[in-house]
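All remarks here apply to the structure that follows.
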Amino acid sequence: MNIDFHTHVKVAKISRFMPEYFEDMMKEAKSAGLTALCMTEHFNTFQSMDTYDYLKEHYSYQSEYYDVNGLKVFTGMEVDVKEVGHILIIAQRDDIVNMRKRLSSFDKKPDFIPFKELMDLADQYNTLRIGGHPLRESTPLVHHNSEQLKRLDAFDLNGRDLYAQGQHPYIEQLETFASGLDMPIVGGSDTHQYLQYGSIMNETSRECETINELKEMITAGDYRVKVSRELDLKVKSASLVKKLIKGSLDTNGVATMYEEVALKNASAKAFS
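If you use the working numbering, the sequence shown corresponds to residues 50 to 321, in order.
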């Protein structure tokens, strides 16, 4: 199984869910070599339940994942905490939906949920918890209490940050931070646009189908984080296309016809 633990299926939090965009994302995820991914859309994204309505209508839910034409899609969300930082919560579909409802009063700054309260909430469900991009300058996790950080299952080696901060120095800093807490590291691309898929993934001989199996894989260290040689190109290209698509959103968060042209032209230019 090749899995990406940190992905998005919307180009931006302000955009509506676009079925065609979602379908393209899933096709390209498979083309990039992924057999599984965790859909960790921002918890306060615009009309957050539209994605789940679409999945429920069009795809079967098996064990604890959606089967999207042979691609395992585990459900999750990326949650802002009050003290600054993003936490990835991955869980069974109904648990994610219920947790999202309970976070409704915490979905705007400065009223984000405190880190400890989020962990207490997650304790009430069977969850996989990953500290998102812990060394990102805008949303770091290094300032949090170590005992609370240890309630996480892993830290995120983030494709976007590897590109922005330089692969070797970033990996060294993250390994130092994680080892100080005796915490594992997993790879997450932080994809919002499909060219970024495959920039980083986790390879394992296991075929996980449940949240517990994902957690057991991480705890056992039975996986290898693989960083693509083309990471810089993938992230830069995806960022350019994402910027173009975001610029084409109308006042209702819907992509105009320019999205199609922008996507095709930027993709062609990126790989010419």
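For each residue, glycine too, the CB sits at the ideal point set by N, CA and C.
Three or more beta-carbon pairs separated by less than 8 Å link the stretch 274-282 to the stretch 250-263, which places the two stretches in contact.
Exposed is the label assigned to M98, since fewer than 16 other Cβ atoms lie within 10 Å of its Cβ. With contacts defined by Cβ atoms closer than 9 Å, F95 and L152 do not form a contacting pair. Residue range D99 to H107 is occupied by the alpha helix (DSSP H) that includes D99, with no beta strand (DSSP E) assigned at that position.
Pairwise C-beta distances place the stretch 225-242 out of contact with the stretch 107-117, as fewer than three of them are shorter than 8 Å. DSSP places V58 outside both helix and strand once states are collapsed to three, so it counts as coil.
Here T268 is exposed. Its C-beta has fewer than 16 other C-beta atoms within 10 Å.
I179 and L298 have their alpha carbons spaced roughly 31 Å apart. Spatial neighbours of L263 in its own chain (CB-CB distance under 6 Å, excluding positions within 5 residues in sequence) are listed in chain order as L177 and C257. Within the same chain, A85 and N251 come within 6 Å of I52 by CB-CB distance, once the 5 residues on both sides are set aside.
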